[in-house]
Structures are given as C-alpha cells and as structure tokens.
Amino acid sequence: MYMKKHLSPEEKTNLSHNIVLADIFHRMASCYRYMGPAERFRAQTYDNASRTMKNLQEDVSTYATDLRSLDKLSGIGEGIGKKIIEFLETGSIKTYEKLLKEVPVELLELMDINGFGPATIKTLHDELKINNRDELIAAIEAGKVEKLKGFGPGKIENMKRGLKLFKESYSRMLLPDALKTGKDILGTIQKIPGVKKAELAGSLRRRKETIGDIDIITIAEGKGRKKIISKFVSIPQCNRVLASGETKASFLLKRNNTQVDIRLVSEQEYGSALLYFTGSKEHNIQLRLMAKDKGWKLNEYGLFDEKTAKRLAGKSEEELYRMFRLQYIPPELREMRGEMEAAKKGELPRLVELKDIKGDMQMHSTWSDGTEDIETIAKYILNKFPRYEYIVMTDHSQSERIAGGLKPAEFRKQFSEIDKVNKKTGKDLLKKGVEVDILADGSLDLPDDLLKEFDWVVASIHSGFNKDNTGRLLKACEHSSVHCIGHPSGRMIGKREAYPVDWEKLFEKAAITGTAIEINAQPDRLDLKDDLVKSAIEREVAITISTDSHALSQFDNMELGVAVARRGWCTAKNVLNTRSWKIIEQFKKKKKNNAAKIL
Ligand code: DGT
Ligand code: CA
Ligand code: CA
Ligand code: ZN
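All letters in the sequence shown, in the order written, are residues 140 to 738 by my numbering.
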C-alpha cells in the first residue's frame with residue numbers, strides 16, 4: 140500500500156481491479172462522510188468494502204461471476220456487489236461519478252489527513268472557499284483560518300502537524316509496497332542478457348520502515364553496458380527516463396511514479412558499490428574515515444592505498460569489512476547505532492530470522508473486525524505456515540465498538556469455538572487470546588476473572604492519543620493477567636504521531652513485571668519502532684512479533700515485523716515467539732509471580 144491514496148488515471152490502467160476499486164470505494168466513503176452524519180453508515184459500508192478489496196488475494200473479477208459469489212466476501216452486500224459488476228463491465232460506477240460532482244474532488248485528499256474531520260473541512264470550504272491542500276496551507280499562513288469560530292491555536296497546531304505528516308508520507312513508500320515493487324523490478328532485470336548479478340541496495344536493503352526510492356546494483360562488464368542500459372529503461376514497468384549514462388540509469392515507474400536507480404559495476408567493484416549504495420550515508424562516512432586513518436581510500440569503486448592507488452579490496456562486502464578488522468555488519472544494522480564498536484569487538488548480535496518464528500501472537504477474526512472465521516484462519520495457517528506451532532486469536536474487547544469488540548459472555552462462546560476447531564483439525568494450534576483495551580484510567584476493559592482464563596492477553600491503547608500515556612501503560616504492565624503491551628506507541632506512519640511515553644520508565648516496568656512488548660507488523664504501524672526495540676532489549680524486555688492480521692493476506696507481514704526486530708538488534712532469544720508454547724507458559728508463570736510480589 141502506497142501512502143498516496145488517490146490514483147491518477149494513468150496509474151489506474153496499470154493496476155489490478157482490486158486496487159482501483161479499493162481506491163474508488165475509499166473516495167466514496169469520503170464523499171458520504173463529507174455529506175454529514177445522515178450518511179454515516181453508508182460511509183462505513185464503503186470503508187469496509189474498500190478494505191475488503193485491498194485484502195482480496197485474487198483479482199475481484201475471479202469472484203464476480205454473479206452477485207451471489209460476491210456476496211460471500213465480507214463487507215460486500217448486494218448494493219456494493221452491483222457496483223463491482225458495473226465497474227467490471229463498464230469501467231466506471233455511475234453513483235461515484237455523480238458523487239464527484241457533489242463534493243469538490245480535491246477536498247477528498249484533505250479527508251485523509253489526520254486532524255481533519257468532515258465538519259472541519261466543510262467549514263473551511265464554505266467559509267474560506269478552500270478547495271485543496273495548497274489553498275489550506277496558504278490560508279493558515281495568511282492567518283485566515285484562526286479567525287474562524289472554533290479554530291483555536293490548539294486546533295490549528297494539530298492541523299499543521301497533520302499537513303506536515305501527510306507531506307512527508309506522500310513522497311515515501313511503506314516498506315512492503317517498496318519490497319514488492321523492488322523484487323518485481325529485480326526479477327525483470329535479472330533476466331536481461333549480460334546482467335551477471337543484481338541486488339537491491341539502499342534503504343530497501345536496510346529494511347527501513349519507509350523507502351524514498353529503489354536502488355539496485357548490477358554486475359555487467361564494459362562492452363555490453365550501453366545495450367543493457369537501453370534494455371533497463373525499456374522494461375514495461377518504466378514510465379519516464381530521468382537519466383541514462385554509461386554506468387547508471389534512473390527512471391520513474393508507472394506505479395506511483397516510484398524512482399529506480401540502477402548502477403552497473405564490474406565484478407571487482409561489486410562489494411564496494413553494494414556497500415556504498417546500501418548506506419546508510421552515516422555508516423559509509425564512518426568507514427571512509429576509518430580508511431583514511433589507515434592511509435587508504437574507500438569509495439564506490441573499491442578500497443585503495445592512498446599513496447600507490449593500489450586496489451586492496453572491493454569484490455565483496457565481507458572482504459571489505461575484513462580489511463577493517465570488523466565482523467560482517469548486516470544491512471539492517473548499518474545505521475550508526477553502535478554497530479562499528481560491536482563489530483570491532485566481535486559482539487554483533489546474531490539477528491533473528493523469519494524462519495525462527497514459531498507462531499503469531501495477535502490476530503482478529505469475524506468475531507470482532509477480522510474478515511475470516513476462526514476455522515478458515517486455522518486451516519490457512521496449517522497449510523501456508525506449517526512451521527507455526529501456535530497462533531493466538533486476539534479479538535477486541537467490548538469498548539472497541541467500531542471494531543465489533545466482544546462482551547465477556549461472547550468470549551466464553553468463542554472459547555468453545557476455538558476448542559471445537561482445534562479438535563477438528565487435530566492440532567492444538569489456536570490459543571485463546573484477547574486484545575483488551577486499556578481504558579482512560581489504565582484499568583482494563585474486561586473483568587479480572589475472565590482475563591485469567593485467556594492463554595494470552597495483549598493490552599492496547601485505542602483512545603486518548605494526544606496525551607502522555609505512560610501512566611496507563613505502566614498500570615497495564617502491573618496487572619497480573621496482562622502478558623504483552625500491543626502497538627505500544629500508537630503511531631500510524633504518515634497519519635498519526637506516537638503519543639508521548641516515558642520509554643525508560645515503561646521498559647523498566649516491563650522488565651520488572653515480566654511483561655512483553657509487541658512489535659506490531661502492520662505496515663503502517665511497525666510499532667514498537669526499531670530504535671526503541673533496541674532500548675527495550677538492552678533492558679531485557681521480552682519482545683513479541685505479531686501481524687495483528689485482520690485478513691489472511693496479512694499473515695505474510697511477519698517478514699516486516701522480523702525486519703524491525705533485526706533493525707532493533709534482536710536475536711532469536713529476545714523474541715518470545717521463537718520459542719515453544721511451553722516456554723511461553725513459563726514466561727507467563729513468572730509474570731504472575733512477579734506481579735504478586737509487586738502488588
Ligand atoms: P531513501 O531512498 O531516502 O529511502 O534512502 P537511501 O538510504 O536509499 O538513500 P539514497 O537512495 O539517496 O542513496 C542510496 C545510498 O547511497 C545511501 O544509503 C548511501 C549512499 N549515498 C547517497 N548519497 C551519498 C552521499 O552523499 N554520501 C555518502 N557517503 N553516501 C551516499
Ligand atoms: Ca533509496
Ligand atoms: Ca537512490
Ligand atoms: Zn489494536
């Protein structure tokens with residue numbers, strides 16, 4: 140998912156029906172929301188339909204043979220089903236075209252910015268004739284907005300923050316989208332004759348949470364390069380060429396105008412080029428200084444003796460790090476967070492890998508806001524992730540109304556459903572969990588006697604995002620039944636900043652009580668983020684990685700959570716769900732004893 144929500148006509152012709160329909164339904168929801176509270180339910184319906192489209196595994200046209208087969212998809216009733224068929228048959232939706240005439244189109248973009256409710260946007264439009272983001276920024280700067288009734292300094296400050304976040308995210312991709320695009324381009328390029336080797340570099344290789352552009356390093360020897368470069372810039376994904384020279388091509392992709400930079404190097408330069416273009420820039424600069432100290436010169440072509448210009452190394456990264464008497468530093472660690480010192484001492488962690496993961500610690504089913512029922516999820520996991528020994532079903536608790544949170548009696552019903560499915564599949568895969576709301580005062584949304592019955596309790600904050608939430612989180616850690624804090628910072632990349640938390644205090648409390656901290660692998664959360672993960676494990680806090688899946692397609696996000704853990708220096712030992720459930724039971728027992736001692 141790109142963070143840019145609305146697609147240009149050019150982009151639409153190159154995308155699957157699912158993505159285009161998800162975009163249209165998202166816009167329709169915005170239109171209805173703009174029209175006011177009377178259309179609230181319709182807006183919700185289209186939001187759900189948009190989400191369903193985004194999560195579909197196959198192109199919607201494969202389901203859409205008739206209304207009845209569409210009806211089986213969650214969030215798709217007869218009304219929406221008809222619109223899908225209309226779109227597949229005619230390429231447009233009449234209701235949508237009509238809506239676009241009633242609501243100023245450019246206003247829809249504003250509705251995606253955090254801090255802008257429909258009422259706010261309506262006022263801005265009606266009173267100040269504001270139609271788009273640029274006009275809004277100009278009006279704020281001219282002091283026009285602050286003169287409106289109800290637009291105090293706090294609100295204006297919020298609006299400015301929302302605009303800034305939106306602007307930042309507009310030009311960057313979320314990691315999974317960049318990974319998918321990057322791997323696709325890499326696959327195409329590797330097939331071009333003369334390309335001996337090709338690899339992703341840049342922030343993508345370091346697995347940063349957002350990616351500016353895609354960098355690729357290839358080996359191709361001198362003679363054939365011109366021809367190869369002309370092939371690079373004529374791949375079908377390419378939209379516009381920015382530069383093409385002897386050793387480099389830059390172009391924009393049709394998809395989202397993403398930039399790709401490809402460099403061609405010789406075999407003996409490959410390691411130094413890969414090192415240089417993987418970055419980070421700060422890591423590179425440090426290496427170059429170290430080279431200088433030794434009387435060497437390091438650049439993208441190799442490592443050389445400064446006096447004699449003799450080549451010392453450059454073929455592989457391993458060889459280069461060896462020259463500096465450093466351990467090989469994995470790309471995820473090249474951020475100047477102490478990796479040089481650790482590599483010098485031979486103390487780099489052995490980073491956790493995807494194949495170490497034995498289970499998934501948070502997910503939602505149709506019991507709350509997920510799109511699949513428990514049995515479907517269990518069967519899917521048994522088939523697709525045979526490595527998994529357990530998955531924890533963690534539907535929402537009651538106060539999460541919009542997400543269909545469950546009442547205590549419903550959880551008890553769900554327990555027997557879980558037992559039934561476990562029996563049917565003959566595997567003890569499903570664990571009974573909950574994502575319980577941490578309420579405003581730090582208490583929990585479910586009674587203690589019920590909380591004790593769950594196999595795993597994740598406690599999360601879903602409200603009060605603007606204030607310091609340290610107190611609420613500390614209190615949740617102190618609860619003897621809470622095993623883990625879910626998406627601890629509450630941030631949504633490009634949409635909502637993290638709420639303030641005293642992380643030192645939280646990690647200390649989590650360590651003392653034996654409460655785990657989650658890395659939530661939803662692409663726009665990646666929460667806890669990498670540098671805080673590093674602080675947490677330095678204080679010996681246990682980490683869980685979970686996909687928080689709401690649809691089957693999201694279970695693959697585990698890879699992103701593992702990437703964050705690696706960027707946070709986690710070994711397999713730091714991550715609880717690399718262990719068997721037996722060990723997790725021991726962790727829980729310790730937590731209970733610790734809580735008994737403290738309280
Ligand atoms: P991005 O694309 O903004 O997500 O981040 P990167 O890290 O991929 O940055 P990018 O694409 O501008 O450049 C790729 C790598 O090339 C970068 O990580 C380090 C290296 N690089 C680029 N410019 C410089 C520079 O001025 N000095 C040094 N030492 N390295 C640079
Ligand atoms: Ca880049
Ligand atoms: Ca670049
Ligand atoms: Zn949540």
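All C-beta atoms in this analysis are idealised placements derived from N, C-alpha and C, irrespective of residue type, glycine included.
Among the residues of its own chain, which have a CB less than 7 angstroms from the CB of A317, if the five just before and after it don't count?
-> Position 178 of the sequence shown holds residue 317. So the qualifying residues of the chain are L343, I350 and I353.
Can you list, in chain order, the residues of its chain whose CB lies under 7 angstroms from that of D191, leaving out five sequence neighbours each side?
-> Residue numbering aside, residue 191 sits at position 52 when the sequence shown is read from its first letter. Reading the sequence as shown, one finds Thr at residue 191 and not Asp. Excluding positions up to five away in sequence, the list reads L212, S213, G214, I215 and T510.
By Cβ distance below 6 angstroms, which residues in the same chain neighbour S419 in space, the five residues on each side in sequence not counted?
-> For the purposes of this step, residue 419 is taken as the residue at position 280 of the sequence shown. Hits under 6 angstroms: R473 and E474.
Burial state of E599, where buried means 16 or more other Cβ atoms lie within 10 Å = Walking along the sequence shown from the start, residue 599 turns up at place 460. With the sequence shown as reference, residue 599 is identified as Ser, and Glu is not the correct amino acid for it. By the 10 Å Cβ count, S599 comes out buried.
Could you please go through the chain and list the residues whose beta-carbon is closer than 6 angstroms to any non-hydrogen atom of ligand 2?
-> G341, S342, G351, D352 and D354
Can you say whether T683 is buried or exposed, counting buried as having 16 or more other CB atoms within 10 angstroms of its CB?
-> As a working mapping, residue 683 is identified with position 544 in the sequence shown. The residue is buried, with at least 16 neighbouring Cβ atoms inside 10 Å.
Using a threshold of 8 angstroms, state whether the C-beta atoms of A131 and G700 are closer than that.
-> Absent from the model: residue 131. The displayed extent of the chain is 140 to 738, so no value can be given.
Meets three-Cβ-pair contact criterion under 8 angstroms: the segment 424-441 and the segment 366-385 | no
Buried or exposed for Y141, please, with buried defined as at least 16 other CB atoms from any protein chain shown within 10 angstroms of its CB.
-> Here residue 141 refers to the residue found at position 2 of the sequence shown. In this prediction, Y141 has a pLDDT of 35, which is less than 50 and means its spatial position is unreliable; nothing more can be read from the coordinates.
Report all residues from its chain with a CB closer than 6 angstroms to the CB of K222; omit the five preceding and five following residues, and keep chain order.
-> Start at 1 with the first residue of the sequence shown, and residue 222 comes out as number 83. Taken in chain order, the residues that qualify are I232.
If H535 and E574 are in contact, beta carbons under 8 angstroms, what's the gap, nearest whole angstrom?
-> Here residue 535 refers to the residue found at position 396 when the sequence shown is read from its first residue. Here residue 574 refers to the residue found at position 435 when the sequence shown is read from its first residue. At roughly 6 angstroms, the Cβ-Cβ gap stays under 8 angstroms, so H535 and E574 are in contact.
Any chance the segment 453-460 sits against the segment 323-341, with 3 or more Cβ pairs inside 8 angstroms?
-> no
Bridge-paired residues (DSSP) for D666 | Here residue 666 is taken as the residue at index 527 of the sequence shown, counted from 1. For D666, which the question treats as bridged, DSSP gives the partners N659.
Roughly how far, in whole angstroms, is the beta-carbon of A188 from the beta-carbon of F164, given that I think they are within contact range, below 8 angstroms?
-> Locating residue 188 in the sequence shown gives position 49, where the first residue counts as 1. Locating residue 164 in the sequence shown gives position 25, where the first residue counts as 1. Yes, A188 and F164 are in contact; Cβ-Cβ is about 5 angstroms, under 8 angstroms.
Any chance you could list the beta strand (DSSP E) runs of at least 3 consecutive residues sitting entirely within the segment 232-272, in chain order?
-> none
Since D663 and G707 are thought to touch, with beta carbons under 8 angstroms apart, how far apart are those beta carbons, to the nearest angstrom?
-> The sequence position of residue 663 within the sequence shown is 524, counting from 1. The sequence position of residue 707 within the sequence shown is 568, counting from 1. Wrong, their Cβ atoms sit about 18 angstroms apart, outside the cutoff.
Whole-Å CB distance - E636 paired with R300, under 8 angstroms assumed = Reading the sequence shown from its first residue, position 497 is the one you call residue 636. Reading the sequence shown from its first residue, position 161 is the one you call residue 300. Contact flag correct, Cβ pair sits at about 7 angstroms.
Boundaries (first-last residue) of the alpha helix (DSSP H) holding R706 = Mapped onto the sequence shown, residue 706 falls at position 567. Run containing R706: M697 to R706, per the alpha helix (DSSP H) assignment.
On the three-pair Cβ rule with 8 angstroms, is the segment 587-598 touching the segment 637-649?
-> no
Output the distance between the C-alpha atoms of V560 and S688, rounded to the nearest integer angstrom.
-> Against the sequence shown, residue 560 aligns to sequence position 421. Against the sequence shown, residue 688 aligns to sequence position 549. Near 19 angstroms, if we compare the C-alpha coordinates of S688 and V560.
Between I224, L238, S200 and N194, which lies nearest to R181 when the distance is taken from Cα to Cα?
-> On the sequence shown, position 42 is the one that residue 181 refers to. Among I224, L238, S200 and N194, the Cα nearest to that of R181 is on L238.
Exposure label - D669; buried when at least 16 CB within 10 Å | What you label residue 669 is simply residue 530 of the sequence shown in a count that begins at 1. That one is buried.
Apart from the five residues just before and just after L715, which ones in its own chain have a Cβ nearer than 7 angstroms to its Cβ?
-> Walking along the sequence shown from the start, residue 715 turns up at place 576. The answer, listed in chain order, is A655, A681, I682, T683, I723 and F726.
First and last residue of the alpha helix (DSSP H) that includes T717?
-> Within the sequence shown, the letter at position 578 stands for residue 717. No alpha helix (DSSP H) holds T717; DSSP gives it neither H nor E.
Rounded C-alpha distance that separates Y202 from C170 = Position 63 of the sequence shown holds residue 202. Position 31 of the sequence shown holds residue 170. Going by the C-alpha atoms only, they are around 27 angstroms apart.
If you compare alpha carbons, which of D587, F646, L578 and L249 is closest to G603?
-> Within the sequence shown, residue 603 is the residue found at index 464, counting from 1. Nearest option by C-alpha distance: L578.
Contact check, L667 vs A675, beta carbons under 8 angstroms = On the sequence shown, position 528 is the one that residue 667 refers to. On the sequence shown, position 536 is the one that residue 675 refers to. Result yes, Cβ atoms of L667 and A675 sit closer than 8 angstroms.
Terminal residues of the continuous alpha helix (DSSP H) containing A615?
-> Numbered from 1 along the sequence shown, position 476 holds the residue referred to as residue 615. Where A615 is concerned, the enclosing alpha helix (DSSP H) stretches over T609 to E617.
N-terminal and C-terminal residue of the beta strand (DSSP E) that D354 is part of = Counting from 1 along the sequence shown, the entry for residue 354 is found at position 215. Note, D354: beta strand (DSSP E), I353 to I358.
Return the chain-ordered list of same chain residues with a C-beta closer than 7 angstroms to the C-beta of D584, the five sequence neighbours on each side being excluded.
-> Working through the sequence shown from its first residue, we reach residue 584 at position 445. S536, Q537, S538, V575, D576 and L578, listed in sequence order.
According to DSSP, residues forming a beta bridge with C377 = Your numbering for residue 377 matches position 238 in the sequence shown. Paired residue(s): L392.
Buried or exposed by the 16-neighbour rule on C-beta atoms within 10 Å, applied to D580 | Translated into positions along the sequence shown, residue 580 becomes position 441. The residue in question, D580, is exposed, as its Cβ has fewer than 16 Cβ neighbours within 10 Å.
Got a sec? Which residues, its chain only, sit under 7 angstroms from E528 by beta carbon, not counting five neighbours each side?
-> Locating residue 528 in the sequence shown gives position 389, where the first residue counts as 1. Correct list, in chain order: K497, G498, S719 and W720.
Best match in P525, I513, K523 and H601 for proximity to E562 [C-alpha to C-alpha] | Within the sequence shown, the letter at position 423 stands for residue 562. Residue 562 is actually Lys in this sequence, not Glu. Here the closest residue by C-alpha is I513.
How would you write the range of the alpha helix (DSSP H) that T184 sits in, first residue to last?
-> Translated into positions along the sequence shown, residue 184 becomes position 45. From DSSP, the alpha helix (DSSP H) with T184 extends over R179 to N194.
With a threshold of 7 angstroms, establish whether the CB of S504 neighbours any heavy atom of ligand 4.
-> Locating residue 504 in the sequence shown gives position 365, counting from the first residue. S504: no, Cβ never under 7 angstroms from ligand 4.
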